[in-house]
Every structure is written in C-alpha cells, then in structure tokens.
Amino acid sequence: MTMPDSLVGAAAATDQNPKKILFGKYELGRLLGCGAFAKVYHARTLPGSNNSTSTSSSFSSSSVAIKIINKSRLARPGLARSNIRREVAILRRVRHQHIVRLVEVLASRTKIFFVLEFVRGGELFARLSKTGRLSEELSRRLFRQLISAVGYCHSRGVFHRDLKPENLLLDEHNNLKVSDFGLSALSADDASGPPSQQEVLLHTLCGTPAYVAPEILSKKGYDGAKVDVWSCGVILFVLNAGYLPFNDSNLMNMYKKIYRGEYRIPKWTSPELRRLLSGILDTNPDTRMSVDDISRDPWFRKGMGDEDWEAMMGYHELEKDEQLDEQLEEEEVDHNRELNAFDLISFSSGVNLSGLFEPGVPTKERFVSREPGEGILGTAEEVGREEGLYVRRRRGKRGGGVVVEGHNGDFGVGVRVYRLNQEMVVVEVEVGGESWAKELWTEKMAPAIKKPITIT
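Under full-length UniProt numbering, the sequence shown has 333 at position 333, and the numbering climbs by one with no breaks.
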C-alpha cells in the first residue's frame, strides 16, 4: 500500500509530534529506539480500523511497534521496491514463537512503515548492561531460543546478518524474540553477492562491528547462514562472560582480532561450553558449526529431548499457515472448479512469477493423472508421515495440496492437485534442493502417486 505523504497522517512530522494517526489505522506513541536508517515507535491500533491483519486470530494485540524507514537512507533506493517485495513475501509467512511478528507493511512516497509485534520486555542489551553476565543455565535457555529462531528462518531461506543483543528482545516472561529478521537486505547492495564497502561501513554506522563474521571483513563472498551462526556465537560468549570476545578501542585492532579469532574464554566457563564456543567461533566458515551441529551439541541439548526441541522450533504452529496463505492470496477454496484457459497458461514457466515471492527455486514437474485428487494427496500425506516427516495440508482457489517438511522445517516436497476435467487432474510437484527431499520424491512418493495413463 503506497500513499502520498499528504494522506499518510502527517507521518513526515513524526519526529516533532509523535501523536499522529497513520493511514487511519494506528496512533503513534513514544519513540522506542533509533538506528542509522530507521526509528521505531510504539503505536496502538485504532478501534474500528479496517486492519484484518492485526485483528486476525493469530494476532490480536492493540499495541504494535512501527519501524519507520526513510527511503532516501537505503543503501540502494532503486532496489528498495524489489527487496521489500521479496522480504515481505517471506517474512509474512514466518511464524515462530521466538521471532517478532511482522504484521503488515505500509508506504508513502518517502517512507516505509513496518508494523511489528510489540515486545514489552525491551532489548536484551539493556538487560545485560544492567545485570552483567548471566548464569550458564539462563544463557543456555536464551541461546536455545535464539538458535531455534535462526534455524527456523534459515530453513526458509531468510537470513539476518546483523544479529546482536540490540536486535534481541525479551517479552514479559523473559522469553527471547529476534527482531528485524530478513530486513537487513534492505540495507545491502545485493543479498546474494559479496559484501560491498558500503555494506561493511553500514555495520560500523549501525552499531558495534564486534558481531561481524571474519569472512565479511575479508570482502569475499559469504554464506548468510554461516554469518548468522558466528554472530550467535558472539552473543553466547557475551551472555556467559558479560563482555565481548573481540573488543578494542582501536577499530582496526578489533578487526584484526576478529579475523584471527583471538579471544579468551573466562575461567568460570564449563568445558562443554568452551568446546561449543570454539566450534562456533571458528574463523573458517567451511569448518564452523552449523545450526544442526549446534542443536546436537551436548551442552546445548542438556536436559532437552527431541520433542522439546521440535516444539521450540515452532512446528506446532504450522497449521496456522493455512489460514495465513488464504489471507495473503485472497483466495476462496473451490475444489470442484475445473481449470480454465488462463489457469493452464499460468502453468507455463515463462509467466511463473512465484520466484519473486517464494524463497528458493525448487525443482518442479507436472503430470496428468486419472487418480482421484484426494487419493493422490492422501497417499502423499501417508508417505511423508511414514518417513517421520512433518506434513500439512494447503488450500487454494484452484485446488488442494500437501507440503512435507524435514526435521528442521526445511522444505521437502510439495504436491498440489488441480482438476482438469471430470476424469483427470493435473498434479504439480515441487521438490526441495536437499538430497533427502529428492530421494523422498524419486524413491518413495513418485512410485506411489505417479501412475501411467491409458489413452482410450
């Protein structure tokens, strides 16, 4: 939604008088925080405002936080629209108990407004500044929550790249929530390419560079997942020690320490935690621990079973995605409607725009079947559950579908069925890039549902 500044509700005057009505939906309140290219305000949803997103069953709070970004402050204003479309499409599908919820995005000619879940406890940074280091048990609890959020988003192709205590919030129950997940791409030249000089400088301007991975400093191509894991390691060190592993009043000396991996673990640290920190703060991204490695570490898993970890990863919230998908697509379910000419044309890869809105580019194939659509979907569900994977149903205007996901929430196989006519259906299959997903489809699922057609 883009509006002229004159219709926004004096949003441009926010700094002088924060008590302004925004888009007829929100009343802006006090300033919560200020960064290099954004300001965050507390706001409340106006009674009777037409805001279906914030009043849905999955989000009903009248308090929100609104992050206001001036488009002119973005690193590459010309790329702002495409970056926003990509990130918002992903983030609106991210639902995790330890990630701050993105409610909606609004825009004027000069500003972008991210409406976010309001987290009452404030920044973890403020807590650490007041109390110093935390106990090892509390450090473990918060670090588990952090890794569960990071792993969940990585499995969906979303990376943070600016993790630090200032971006970690605590709710009223002292549970951790990660903010700004995925929005860092708005300040980067190219999320998939090597970091530019401007991006490295941005880390310096936005706050301490002490959480930046060494491969970013080397100005080479980097893996967003590995960068996030390094930052998680620095955060764990701070939780346990109460100070930064890499710190120097001279910025260049700090960079050298990061690049060489020069740090000292405090003497009160247990041997198990020492080993974990050493594995995460590995300057070589190829041998650095991954989220999966961390989740299997003895210190991390102490007192936690597989079911506890799966619950923390947010798998039990997957059923809510069906309702969200229907909201986003504004589709009504009609399983009996046959495909029309436009539907068939839209199957052509030449007009497939899903890459603009979906993370990753999975392998896709389609085939025609005489089997009943419900039978095909039921078989796909059965195969997924027999393999111990997570299975959920999806609905849409043209047909139903099944999504099978792995133990870390990573996409495996998606099967969708469209009615072609009274006798046949079109089956569309998407297979994730992981080897286990391809094996699941080719060896287990395809033989069960992909049956030859006899032409009479």
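No residue lacks a Cβ here, since even glycine has one placed at the ideal position from N, Cα and C.
Inter-residue Cα distance where the pair is residue i and residue j
| i | j | result |
| --- | --- | --- |
| F125 | L239 | 10 Å |
| F300 | A210 | 23 Å |
| L163 | V103 | 21 Å |
| E365 | T283 | 40 Å |
| K256 | K450 | 57 Å |
| S129 | K302 | 27 Å |
| residue 491 | N167 | The chain is shown only over 1 to 456; residue 491 falls outside these bounds and no answer can be derived. |
| R161 | V291 | 15 Å |
| M289 | I376 | 39 Å |
| I216 | L420 | 51 Å |
| S139 | N250 | 29 Å |
| A38 | F114 | 10 Å |
| E386 | C34 | 50 Å |
| E371 | E439 | 23 Å |
| V383 | G406 | 13 Å |
| L46 | V64 | 11 Å |
| A225 | E117 | 25 Å |
| F143 | A213 | 18 Å |
| K111 | K71 | 5 Å |
| Q197 | E307 | A caution first: Q197 carries a pLDDT of 39, below 50, which makes its placement in the model unreliable, though a value can still be read off. Taking the straight line joining both Cα atoms gives about 44 Å. |
| Y259 | A311 | 36 Å |
| R127 | L134 | 10 Å |
| H42 | T287 | 42 Å |
| N175 | G121 | 9 Å |
| G157 | S62 | 30 Å |
| E223 | D293 | This sequence places Asp at residue 223; Glu is not what is there. Using only the alpha carbons, I get a separation of about 16 Å. |
| F367 | V431 | 14 Å |
| V105 | V178 | 18 Å |
| S270 | G24 | 54 Å |
| S108 | M254 | 40 Å |
| residue 457 | Y390 | The structure shown does not extend to residue 457, since the chain spans only 1 to 456, so no value can be given for it. |
| residue 537 | G261 | This structure leaves residue 537 out entirely; the chain is present only between 1 and 456. |
| D297 | R44 | 42 Å |
Environment of residue i [buried if 16+ CB atoms lie within 10 Å]
| i | result |
| --- | --- |
| Q97 | buried |
| C153 | buried |
| K20 | buried |
| A448 | exposed |
| G388 | exposed |
| M445 | buried |
| G233 | buried |
| K267 | exposed |
| M252 | exposed |
| Q145 | buried |
| D180 | buried |
| D334 | Bear in mind that a pLDDT of 42 at D334, under 50, signals an unreliable position, so the number given afterwards is only what the model happens to contain. Looking at its Cβ environment, which holds fewer than 16 other Cβ atoms inside 10 Å, D334 is exposed. |
| E172 | exposed |
| L281 | buried |
| E443 | exposed |
| P165 | buried |
| E423 | exposed |
Cβ pair residue i, residue j closer than 8 Å
| i | j | result |
| --- | --- | --- |
| V413 | V427 | no |
| V150 | V119 | no |
| residue 469 | Y263 | Lying before the first or after the last residue shown, residue 469 is absent from the chain, which here runs from 1 to 456. |
| A437 | V402 | no |
| L22 | I66 | yes |
| V425 | W441 | no |
| V404 | G373 | no |
| L273 | E136 | yes |
| L236 | L170 | no |
| S231 | D410 | no |
| R393 | G400 | yes |
| V40 | L28 | no |
| G242 | G378 | no |
| I147 | S369 | no |
| D228 | F159 | yes |
Residue i: CB within 7 Å of a non-hydrogen atom of the ligand FAD
| i | result |
| --- | --- |
| V150 | Looking for the ligand FAD in the displayed structure turns up nothing, as the structure carries no ligands at all. |
- Residue ranges of each alpha helix (DSSP H) within the region 274-308, 4 or longer: 291-295, 298-301
- Message: Give the list of continuous beta strand (DSSP E) stretches no shorter than 3 residues that lie fully inside the region 360-441.
- Response: 363-369, 390-395, 399-405, 411-419, 425-431
- Those runs of the alpha helix (DSSP H) which lie wholly inside the region 110-189 and span at least 4 residues: 124-131, 136-154
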